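Worksheet: the structure to be examined is printed underneath.
2 protein chains.
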Amino acid sequence: MTLTELKYVLAVAREKHFGRAAEACFVSQPTLSVAIKKLEEELGVSLFERGGGGELGITPAGERVAEQAAHIFELVDGIKDLAAQAKDDLQGPLKLGAIYTIAPYLLPELIPQLHERAPKMPLLLEENYTRVLTEKLKKGELDAMIIATPVEDPSILSLPLYEEPFVVAIPADHPWKKKKSLESSELENESMLLLGSGHCFRDQVLQVCPALNRSAQGGLQKTLESSSLETIRHMVASGMGTTVLPCTATRLHSTSDNLLAYRPFTKPAPARVVSLAWRKSFPRPRAIEAIRQAILAAGLPCVEKIRPGKR
Amino acid sequence: MTLTELKYVLAVAREKHFGRAAEACFVSQPTLSVAIKKLEEELGVSLFERGGGGELGITPAGERVAEQAAHIFELVDGIKDLAAQAKDDLQGPLKLGAIYTIAPYLLPELIPQLHERAPKMPLLLEENYTRVLTEKLKKGELDAMIIATPVEDPSILSLPLYEEPFVVAIPADHPWKKKKSLESSELENESMLLLGSGHCFRDQVLQVCPALNRSAQGGLQKTLESSSLETIRHMVASGMGTTVLPCTATRLHSTSDNLLAYRPFTKPAPARVVSLAWRKSFPRPRAIEAIRQAILAAGLPCVEKIRPGKR
DNA sequence: TAAGCGTCATAGAAAATATCTATGAAAATT
DNA sequence: AATTTTCATAGATATTTTCTATGACGCTTA
Chain Z
1 MTLTELKYVL
11 AVAREKHFGR
21 AAEACFVSQP
31 TLSVAIKKLE
41 EELGVSLFER
51 GGGGELGITP
61 AGERVAEQAA
71 HIFELVDGIK
81 DLAAQAKDDL
91 QGPLKLGAIY
101 TIAPYLLPEL
111 IPQLHERAPK
121 MPLLLEENYT
131 RVLTEKLKKG
141 ELDAMIIATP
151 VEDPSILSLP
161 LYEEPFVVAI
171 PADHPWKKKK
181 SLESSELENE
191 SMLLLGSGHC
201 FRDQVLQVCP
211 ALNRSAQGGL
221 QKTLESSSLE
231 TIRHMVASGM
241 GTTVLPCTAT
251 RLHSTSDNLL
261 AYRPFTKPAP
271 ARVVSLAWRK
281 SFPRPRAIEA
291 IRQAILAAGL
301 PCVEKIRPGK
311 R
Chain W
312 MTLTELKYVL
322 AVAREKHFGR
332 AAEACFVSQP
342 TLSVAIKKLE
352 EELGVSLFER
362 GGGGELGITP
372 AGERVAEQAA
382 HIFELVDGIK
392 DLAAQAKDDL
402 QGPLKLGAIY
412 TIAPYLLPEL
422 IPQLHERAPK
432 MPLLLEENYT
442 RVLTEKLKKG
452 ELDAMIIATP
462 VEDPSILSLP
472 LYEEPFVVAI
482 PADHPWKKKK
492 SLESSELENE
502 SMLLLGSGHC
512 FRDQVLQVCP
522 ALNRSAQGGL
532 QKTLESSSLE
542 TIRHMVASGM
552 GTTVLPCTAT
562 RLHSTSDNLL
572 AYRPFTKPAP
582 ARVVSLAWRK
592 SFPRPRAIEA
602 IRQAILAAGL
612 PCVEKIRPGK
622 R
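From first to last, the protein sequence lines are chains Z and W. Under the working numbering, the first residue of the first sequence carries the number 1, and numbering increases by one thereafter. Under the working numbering, the first residue of the second sequence carries the number 312, and numbering increases by one thereafter.
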């Protein structure tokens, strides 16, 4: 049984005439004769009664088959409608991930921007480590992610979006408050608070100031395993030490903010590149583009947008 | 869009793997690749996300299409079921006609017999003149008819079922009551009651006794235009005259029956042949056969069954 | 009642389509 | 890096659909 055959049955049932039905289907009359005969043989019942000169009769079976066929074509049209809707990349939920050190600062700005550009694309958000996000992305549990490390995987595409300079966070009463900017080497002998391993930002900070690795033994560096940048910021405010933050993390103003000061690094300031990444096979390019646009429009302060150069 | 393509979509959605899906469909893997690609292009959306080594992903569109496709196949199976049911010739209503001079005597016997043989075949019955029945049969408003004249029309098939001798009906006090049998020529000078023109039985009686045509002028013959055999029988009982009846019409016993007597013709008695007729194109031969069997089993008295010779 | 017409069926050729085998590309795995 | 898995592509082949031409059959008409 084929949809074409059913279409022909409907036409003949409607026209009660093979010739006219053929015309309506834009095929020749023998085409209908053959197709309907084939279907009748498959079903084992005759659907029409061909009686020489008189009217073409429809058997009760033919009547019922035609009726059912009409329902089938309703569903077929349903598939077409459904596909036409789904054709819109900006329709349907999108699963977006972001690393812990970006999500709390970017998402509040990103979401309204994205909602404006794609109101029919609800977001399913997840914060996690780069490693976990990458795995979920590959498994299809995420559609896109925002990360701060280059992607190696060949099945994943990415686009750098902006560069985020690092800054030093100090307690308000710290002697460095008098300085305009700091050299990374100056951090060596400070009591630095760092995120736990797994956070890429930790690695990036250590790359900027390798001496901190050594100072770990001396007790000057303190790794806070299950913590977040916000927690560390509060600890700095309370005078427990200093830390390095991505500049976007300096924006939130909690009540303890007057206990904190930020100082930039001297140029060229260390920084990280934030990228948007997605599966190479993800079939909604316009959804990716919408996220990119939304991030660029998010109005993050103190970042340098990366526009032209791709990859 | 074809049902085959939808079948493939369902298989891939189910197996989440082109190779296994192909196996399940008993086709090669490239067949699926090509078919699904074709459907994706027609619909303008990708249904699956092929990602090299990892899991095969289904897009939201693919999910919805597969769901709808499943519904379509339910309906397709519905058509098959429906056809399987309809395959039974003895299923579904049958429109049966019979002429006025047969219906009241045959149908009461026929219906229970037929119901026994084809309980799922309800009858739509109609009494009418041969001419009208024939027209309706050709138009499809009837499926079969029981008549007493040979069929000329090439689009109609018929089968003689039984031969029905004629008998003479006389009032109980008629002098002929003493006779064992009658010659048709003896009717010439009797006051005969006849059915109106249009009834084939009238013509058949006139054929048996052409002299009655002449006696019409002499007032001995009386044609009762809008009447029936039953009415005529009552008139005979009341003494208005005599008449000729098909022997099956002598069976009903109304309260006036003791006022009536029947006398056969001398052999060879005039008779008529009752046939079953249907459109050559009518597609339920077993329904026809069931009617034939039911009529032969109907246990009509005084008739001679015609079995072997067809046509 | 034969000729013409309308209608559907059949046959064989042509066209379109579906399927196959073989092979390639890409990413995951060893 | 080599191997394996998985899907895509290409070209050949098989199948199916469709077409043109023609036939059969019954109706209509002269």
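Here a beta-carbon is modelled for each residue, glycine too, at the ideal position from N, C-alpha and C. Because the structure is a prediction, the values reported are computed rather than measured.
{"Query": "Can you tell me where the beta strand (DSSP E) with residue 448(W) in it begins and where it stops?", "Result": "Note, residue 448(W): premise wrong, no beta strand (DSSP E); alpha helix (DSSP H) at 441 to 450."}
{"Query": "Assign residue 586(W) to one of three DSSP states: helix, strand, or coil.", "Result": "strand"}
{"Query": "Show which residues of chain W have a CB atom less than 7 angstroms away from the CB atom of residue 283(Z).", "Result": "357, 360 and 370"}
{"Query": "Check this for me: beta carbons of residue 409(W) and residue 418(W), under 8 angstroms apart or not?", "Result": "yes"}
{"Query": "Since residue 149(Z) and residue 246(Z) are thought to touch, with beta carbons under 8 angstroms apart, how far apart are those beta carbons, to the nearest angstrom?", "Result": "Not quite, the Cβ-Cβ distance comes to about 13 angstroms (not below 8 angstroms), so this is no contact."}
{"Query": "For residue 289(Z), which option in 128(Z), 88(Z) and 213(Z) has the closest C-alpha, if you only look at C-alpha atoms?", "Result": "88(Z)"}
{"Query": "Are the beta-carbon atoms belonging to residue 145(Z) and residue 96(Z) less than 8 angstroms from one another?", "Result": "yes"}
{"Query": "I need the DSSP call for residue 102(Z), collapsed to helix, strand or coil.", "Result": "coil"}
{"Query": "If contact means a Cβ-Cβ distance below 7 angstroms, which residues of the segment 321 to 355 of chain W contact chain Z?", "Result": "354 and 355"}
{"Query": "Measuring CA to CA, which of 503(W), 605(W) and 612(W) is closest to residue 427(W)?", "Result": "605(W)"}
{"Query": "Can you name, in chain order, every residue of its own chain whose Cβ lies under 6 angstroms from the Cβ of residue 211(Z), other than the five neighbours on each side?", "Result": "188"}
{"Query": "Check whether the segment 496 to 512 of chain W touches the segment 436 to 446 of chain W, counting contact only when three or more Cβ pairs, one atom from each stretch, lie closer than 8 angstroms.", "Result": "yes"}
{"Query": "Identify the continuous beta strand (DSSP E) that holds residue 639(W) and give its terminal residues.", "Result": "Nothing can be reported for residue 639(W): it is not among the residues displayed for chain W, which extend from 312 to 622."}
{"Query": "At the level of alpha carbons, what is the spacing between residue 280(Z) and residue 296(Z)?", "Result": "22 angstroms"}
{"Query": "For residue 271(Z) and residue 186(Z), which I take to be in contact (beta-carbon distance under 8 angstroms), what is that distance rounded to the nearest angstrom?", "Result": "Not a contact, Cβ separation roughly 18 angstroms."}
{"Query": "What does residue 590(W) touch in chain Z if you count any residue whose Cβ is under 7 angstroms from its own?", "Result": "51"}
{"Query": "Mind pulling the chain Z residues with CB within less than 8 angstroms of residue 393(W)?", "Result": "61, 64, 65 and 68"}
{"Query": "Assign residue 480(W) to one of three DSSP states: helix, strand, or coil.", "Result": "strand"}
{"Query": "Determine the extent of the alpha helix (DSSP H) in which residue 348(W) is found, giving its start and end residues.", "Result": "340 to 354"}
{"Query": "Where does residue 235(Z) fall in DSSP's three states?", "Result": "helix"}
{"Query": "Any heavy atom of the ligand ADP closer than 7 angstroms to the beta-carbon of residue 330(W)?", "Result": "In terms of ligand content, the structure shown is empty, and the ligand ADP therefore cannot be addressed."}
{"Query": "Spatial neighbours of residue 425(W) within its chain, please: C-beta separation below 6 angstroms, excluding the five flanking residues on both sides.", "Result": "605"}
{"Query": "For chain W, check one thing: does any of its Cβ atoms lie closer than 8 angstroms to the Cβ of residue 97(Z)?", "Result": "no"}
{"Query": "Between the beta-carbon of residue 13(Z) and the beta-carbon of residue 58(Z), is there less than 8 angstroms?", "Result": "yes"}
{"Query": "Mind reading off the beta-carbon distance from residue 230(Z) to residue 104(Z)? Whole number of angstroms is fine, and I expect it under 8 angstroms.", "Result": "7 angstroms"}
{"Query": "Between 616(W), 316(W) and 315(W), which lies nearest to residue 472(W) when the distance is taken from Cα to Cα?", "Result": "616(W)"}
{"Query": "Could you work out which residues of chain W lie near residue 134(Z), taking near to mean beta carbons separated by less than 9 angstroms?", "Result": "Near residue 134(Z) there are no residues of chain W at all, since even the closest Cβ is about 12 angstroms away, more than 9 angstroms."}
{"Query": "Of the choices 354(W), 353(W) and 372(W), whose alpha-carbon is the least far from that of residue 360(W)?", "Result": "372(W)"}
{"Query": "With distances taken Cα to Cα, identify the nearest neighbour of residue 176(Z) among 262(Z), 19(Z) and 303(Z).", "Result": "262(Z)"}
{"Query": "Could you tell me which uninterrupted alpha helix (DSSP H) segments, each at least 4 residues in length, are contained entirely in the segment 482 to 520 of chain W, listed from first to last along the chain?", "Result": "511 to 519"}
{"Query": "How would you call residue 549(W), buried or exposed, if buried means at least 16 neighbouring beta carbons within 10 angstroms?", "Result": "exposed"}
{"Query": "Going by the DSSP bridge assignment, what does residue 456(W) pair with across the sheet?", "Result": "408(W) and 588(W)"}
{"Query": "Take residue 383(W) as the anchor and find which of 314(W), 611(W), 436(W) and 534(W) has the nearest alpha-carbon.", "Result": "314(W)"}
{"Query": "Under 9 angstroms between beta-carbons, which chain Z residues line up against residue 457(W)? List them in chain order, please.", "Result": "Those do not exist, as residue 457(W) stays about 20 angstroms from chain Z at its closest Cβ, beyond 9 angstroms."}
{"Query": "For the beta strand (DSSP E) that residue 246(Z) lies in, which residues bound it at each end?", "Result": "243 to 246"}
{"Query": "Between residue 220(Z) and residue 134(Z), what straight-line distance do the alpha-carbon atoms span, to the nearest angstrom?", "Result": "33 angstroms"}
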